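Report on one structure; see the data block that follows.
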Amino acid sequence: MNQDVTNFIQDSNKWSHELALLRTILLDCGLEETYKWKQPCYTYNNKNLFIVSSYKDSCFISFFKGELLSDTEGILVKAGENSQSVKLAKFTNLKQIQELVPTLKAYIFEAIALHKSEAKVDNKKNKELEFPAELTEFFKTNKKLEAAFLKLTPGRQRAYCLHFSGAKQAATRLSRIEKSSQRIMAGFGFNDCTCGLSKRKPNCDGSHKTIEGFVKM
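Quick note: the sequence shown uses this note's numbering, first residue 1, plus one each step.
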């Protein structure tokens with residue numbers, strides 16, 4: 001057992017018993033236990049397949065390729081509105097988990113079998129990505145921006161489109177596009193770190209906040 005995982009579970013006062021049981025279920029299925037992204041992670045042949053963690057109102061097992069599972073018992077939910085692959089088995093008390101131990105193990109073994117078969121999720125949403133009308137119009141007068149945008153990975157393009165489309169007003173959508181133009185031209189994604197200090201690029205590790213703190217002082 002990984003000591004960091006043990007500490008994580010012990011520090012989770014509200015969900016410690018539930019997380020401990022989920023951990024046992026996963027280990028019983030022959031998985032390796034690691035600690036990644038500050039959460040218990042379970043692997044098979046060094047491939048990340050599951051994460052165990054919690055929200056304020058629930059704890060869960062995250063199935064990295066949950067979209068491929070048959071989900072015969074209907075216990076899986078999307079990790080988020082825009083999630084294309086990951087699905088969660090969420091619980092609000094220990095009894096729920098206890099009653100589903102055989103089902104969870106069946107799901108876990110199915111996920112392992114899918115991994116062995118090298119099955120992949122078909123990310124149709126990325127292939128069929130639709131640009132907001134304002135972005136399409138913006139490209140007509142700024143071909144350099146269009147070229148830079150199309151050089152971004154599909155995931156980064158999608159993140160920008162979701163950000164732009166999230167505004168209700170056309171004027172706000174256009175404003176968001178204009179404000180993001182410099183980042184796009186520089187090759188950065190919407191969620192990428194641009195301060196130059198992060199040791200976890202393209203993610204932000206909060207290094208810029210230290211500098212900001214000194215400036216304020």
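We put the CB at the ideal spot given by N, CA and C, even for glycine. This structure is a prediction, so every number in the text was calculated from the model and none was measured.
Taking C-alpha positions only, residue 154 is separated from residue 140 by approximately 21 Å.
Counting along the chain, residue 151 sits inside the alpha helix (DSSP H) bounded by residues 143 to 151. A distance below 7 Å between beta-carbons, with the five flanking residues on each side excluded, links residue 191 to the following residues of its chain, in chain order: 159. Shown here for residue 157: same chain residues with a beta carbon closer than 7 Å to its own, the five before and five after excluded, namely 129 and 149 in chain order. DSSP places residue 7 within a helical segment (H, G or I) once states are collapsed to three. For residue 154, there is no enclosing beta strand (DSSP E); the enclosing alpha helix (DSSP H) has its first and last residue at 154 to 165.
Under the DSSP assignment, residue 107 falls in the alpha helix (DSSP H) whose first and last residues are 101 to 116. Looking from the CA of residue 11, the closest CA among 24, 33, 38 and 122 belongs to 38. Minimum Cα-Cα distance from residue 44 among the listed residues 144, 33 and 52 corresponds to 33. Looking at 170, 116 and 185, the one whose alpha-carbon comes closest to that of residue 146 is 185. It is roughly 8 Å from the alpha-carbon of residue 173 to the alpha-carbon of residue 166.
Just measuring C-alpha positions, the residue of 23, 75 and 133 sitting nearest residue 51 is 23. With respect to the 8 Å criterion, residue 111 and residue 60 are not classified as neighbours on the basis of their beta carbons.
Looking at the backbone, the Cα of residue 72 and that of residue 193 are separated by about 41 Å.
Distance between residue 169 and residue 175, taken at the CA atoms: about 10 Å. Straight across, the Cα-Cα distance linking residue 120 with residue 67 is about 10 Å.
The criterion of a C-beta distance shorter than 8 Å is not satisfied by residue 9 and residue 104. Beta-bridge analysis with DSSP links residue 90 to 60.
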